[in-house]
Amino acid sequence: MKFTRRATLGTSAALLAAPTVQAQSLNRERVILGMTQEPVQFNPLLFVNAGTENVPEACMFDALWDVDASGNFIPNLAVEVPTQANGGISPDGLTWRVNLRRDVRWTDGQPFNARDVEFTFRTIMNPAVAVRNRGGFNVISEFRVVDDFTVEMKLGRPFAPFMWSWQNMHIVPRHILASEASIQTSTFNTTPIGTGPYVLRTRVAGSHMVYERNPNYHRGAPRIRQFIHRFIPDGSVAYGQARTGEIDYLALTGVPNDRWAEARAIPERDFLVYPTPNVQFIYFNCGNPRFSDPRVRKALTMAVEMQRSLDDIYLGTWPRTLSYLQPTHWAYNTSLRDYTADPVGAAALLDTAGWRVGADGIREKDGIKLSFTMSTTAGNVARQGTQALFQQNWRRIGVAMEIRNMPASVVWGEFTTQSRFDTLLVSWDPTLGLDPDYTARLHSRFIPVKHRQGSNFVQYENPEVDRLLELGVTQMDQEARKATYWRIQEILHEEVPFAPQGGSVQGHLKRRQLQGPQPNQYVTDITWNVHTWNWA
Amino acid sequence: MTNRVWQRFRTHKLALAGLVTVTILLLMAILAPILAPRDPTLIETQLRFLAPFANASLPLGTDELGRDTLSRLLHGGRVSLTVGLVAMITTVLTGALVGIAAGYLGGIADTLLMRFVDTMLCFPQVFLLLVVAAFVPPTLLSISLIIGLTSWMEVSRIVRAEILQLKEQDFIAAARALGASRRRIMFRELLPNAAAPILVAATLKVASAVLMESYISYLGYGVQPPLASWGNMLTNAQGYLDTVPWLAILPGIAITLTVMGFNFLGDGLRDALDPRLRMDP
């Protein structure tokens, strides 16, 4: 009888979810942000669940500088962003001097100063603390506190993405944490003290967190008194609450792809498109004899209907990208041409490469059949649809692909990191902020099965790309860097160690009167400028 | 005797309906390659979300990728019914064997077997299933066997309880006095008398096995896409419940029919087979 009950429940759920939009009255004293996931680690150096745990970070902590929606760095705890022009960075790019604001206080009343920045740096580099990212900090060869409000850092080598390191990691209070035996288990991690625009007042695990404004915030006290972060695990329920106005802003996974048209038409609500740093790819394991020849990888990419997969499966919500960057990124190579959805060209290229159709209709070469598996997180309906489409595309040119999906913890574990897959359907972001540097995922020294470091899971090796990646991080001039990364993207477009499909975007729903939230593709969460939010 | 069983079964209207339903479903599954109008994995996105009866060549409409729902239901039925039946047989065989052995032999055998059952029951079935599935490559047969081998414990308890009560009855004492062997008593005397609860449990197991298959498919250890099973059709339809409800309703109906069919069939069989009713005309 279990199933009849199930079917009945399904039907009643369908009835309940039917659009019954009734406006909830607006309380101008507070703003409610709804998300499907819940933050559990509030220490900005330790959290792992980016996107969700960035919310407490943005509410309670500050970085030396932030990045705005056009990718420009804007000062926060620093008086100004150091550049070679203002003398903050030495002409050789190796010495960085940062002046700090003098009017900043921790929310417990203690003054903020250079010792806090130094402590944050030492904690990040402390091997006993499992911090979330050491990228860039490991290049610092000397850290010096010049005076109470000035720090100076010497880099071991020129490192252009260094700016992102201090944008990414927020400053923690030395006067509280220095005396802790273990930062990992400190009570600070659930009851933190920061310099941020809001102070955590109450937390009901599994339900919501309430923040009150910090009246002494150094960038001006927020105009909305209370910030409430509410957790609604079911995406469609969360969407329902955003429609009725039970929550003022729906972030993170946001509006389901198939509801974007409907969401755009809801009165008194704004629909915002939020590009995430993630791009979805087909990952080819270049260490597998089937994929070692770049021509095979390119032919397989030519055969798939990438644009159609985005139009029909992601319902046109994701932009097509031809590189590992979102097409709106400043370093994106706009000269690349899409060569996919060309089965004839793909078949011809495979013939040239020596992969001929065998008796069973499957291509083969030297006794190896062009049949392989593709894996991704099981249960992701859109990805499964994409796989099924690619499978059909490949079948037409004599290539057999079998779908073998697994739970997230299995497929992204050693199966990926030890390059045991044939192909993956996966989305990744650049490794240090939104800097176009891709060393960890592309450089031949960063193949974990060979060198025990990095994330070059496709085992791609190309000396020219290595050279360009090494050059790119030493260039301080953006135009010069752009040329380098354009060339890298051009090479990747021909050699295809991974085939980009589209840039992942989220659809957010906002109450129209709420001013301030601004999608920013250079950060992972909408609350990056929460101190400016305001009711119109 | 068989004749009498059939006569009794025939009078049970619901049981007959169950038998007919199950037979039709099985036939549809067996003949799926002939009956299905299209390739169940063929994607035609321009035809997606067609409503049932809207298009003559796609009588039950299409899913989010424009695949034919009727063909997927027919082919999905092969998967789901195979899993359901094989898992049920495995469950009942294992469960009945353990139950009879524990109940009739008693003593150390009983203690050991029942503590083993307790241990197995300590783990939620889904986790037990996932642990085993992680080591065994997912094929239709292996999935069915795994489901069967992780869900027999309740059956063994039911059977043991029944046996404990039966073995004190006079006909067992009589059998013993006649010098019947242990095996004969266990399988010829006790088993038929315990058939009723076993059959009921078995029919229920078909249902839970179909559902279990959808759980483990969802977690990636079951039937891999793009192959259809009723369970994964239901799972995929989850996101479209309020916009395209028939995507969930159609496999839901298939599962409901299967479960009810087997249940009524089980009911009827129990009544027809119960030896204590054998004396009635």
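Those protein sequence lines, which keep their order, are chains A and B.
Each residue of the first sequence is one higher than the one before, counting from 1 in the working numbering.
Each residue of the second sequence is one higher than the one before, counting from 1 in the working numbering.
Just so you know, even glycine gets a beta-carbon here, dropped at the ideal spot from N, CA and C.
| Check | Outcome |
| --- | --- |
| Euclidean distance between Cα positions of Ala201 of chain B and Leu128 of chain B | 20 Å |
| Residue-chain proximity (Thr243 of chain B, chain A), Cβ-Cβ < 8 Å | yes |
| Asn236 of chain B at chain A interface by Cβ criterion, 8 Å | yes |
| Partners in chain A for Leu65 of chain B, counting only beta-carbon separations shorter than 8 Å | Asp312, Ile313, Gly385, Ala388, Leu389 |
| Which of helix, strand or coil DSSP assigns to Val21 of chain A | The predicted model places Val21 of chain A with a pLDDT of 46, which falls under 50 and marks its position as unreliable; any figure quoted below should be read in that light. Coil at Val21 of chain A, not helix or strand. |
| Below-8 Å beta-carbon distance, Ala378 of chain A vs any chain B residue | yes |
| Limits of the unbroken alpha helix (DSSP H) element including Val92 of chain B | 69-100 |
| Three-pair Cβ contact test at 8 Å for the segment 207-223 of chain B versus the segment 231-244 of chain B | yes |
| Residues bridged to Phe281 of chain A [DSSP beta-bridge criterion] | A:Val426, A:Pro500 |
| Pro75 of chain A in three-state terms, based on DSSP | strand |
| Cβ contact (3+ pairs, closer than 8 Å) linking the segment 392-405 of chain A and the segment 430-442 of chain A | no |
| Bounding residues of the alpha helix (DSSP H) (the contiguous stretch that carries Asp118 of chain B) | 107-122 |
| Reference His218 of chain A; option with closest CA among A:Ser182, A:Gly109, A:Ala205 | A:Gly109 |
| Residue burial classification, Glu180 of chain A (beta-carbon count within 10 angstroms, cutoff 16) | exposed |
| Residue burial classification, Ala134 of chain B (beta-carbon count within 10 angstroms, cutoff 16) | exposed |
| Bridge partners - Pro111 of chain A, DSSP secondary structure assignment | A:Arg105 |
| Residue-chain proximity (Gln224 of chain B, chain A), Cβ-Cβ < 8 Å | yes |
| Reduced DSSP category for Ile198 of chain B - H, G, I as helix; E, B as strand; rest coil | helix |
| Residues of its chain near Met163 of chain A, where Cβ-Cβ distance is below 7 Å and the 5 sequence neighbours each way are ignored | Phe73 |
| Beta-carbon contacts of Asn520 of chain A that lie in its chain and below 6 Å, excluding the five residues immediately before and after | Ala69, Trp528 |
| Buried versus exposed call for Ser171 of chain A [16 or more other C-beta atoms within 10 Å across all chains shown] | Rather than Ser, the amino acid found at residue 171 of chain A in this sequence is Ile. Label assigned to Ile171 of chain A: buried. |
| Chain-ordered chain A contacts of Gly77 of chain B [CB-CB under 9 Å] | Per Cβ cutoff of 9 Å: no residues; Gly77 of chain B is ~15 Å from chain A at best. |
| For Ile526 of chain A, three-class secondary structure by DSSP | helix |
| Beta strand (DSSP E) segment containing Gln459 of chain A, residue limits | It is not in any beta strand (DSSP E) - Gln459 of chain A carries neither H nor E in the DSSP assignment. |
| Backbone CA spacing between Gln84 of chain A and Val98 of chain A [nearest angstrom] | 12 Å |
| Gln501 of chain A versus A:Thr317, A:His531, A:Ile266, residue with shortest Cα-Cα distance | A:Thr317 |
| Proximal chain A residues relative to Ile43 of chain B, where beta-carbon distance stays under 7 Å | Ala388, Leu389, Gln392 |
| When A:Gln513, A:Asp293, A:Asp429 are compared against Leu370 of chain A, the one with the closest alpha-carbon | A:Asp293 |
| DSSP state of Gly10 of chain A mapped onto helix, strand, coil | Per-residue confidence for Gly10 of chain A stands at a pLDDT of 48, beneath the threshold of 50, marking its modelled position as unreliable; the derived number appears in the next sentence. Looking at Gly10 of chain A - three-state DSSP - the assignment turns out to be helix. |
| C-beta neighbour in chain B for Val550 of chain A, strict 8 Å | No answer is possible for residue 550 of chain A: it lies beyond the span of chain A, which begins at 1 and ends at 536. |
| Ala242 of chain A and Ala299 of chain A closer than 8 Å at C-beta | no |
| Beta-carbon neighbours of Gly84 of chain B, restricted to chain A and to distances below 9 Å | Result: empty, since nearest Cβ-Cβ is about 12 Å, beyond 9 Å. |
| Partner residues on chain B for Pro553 of chain A, Cβ-Cβ distance less than 7 Å | Within the shown structure, residues of chain A are numbered from 1 to 536, placing residue 553 of chain A beyond reach of any answer. |
| Cβ neighbour criterion (16 or more within 10 Å) applied to Thr119 of chain B | exposed |
| For Arg174 of chain A, the first and last residue of its enclosing beta strand (DSSP E) | Run containing Arg174 of chain A: none in the beta strand (DSSP E); it sits in the alpha helix (DSSP H), 174-177. |
| Cα-Cα separation, Ile198 of chain B to Glu305 of chain A | 53 Å |
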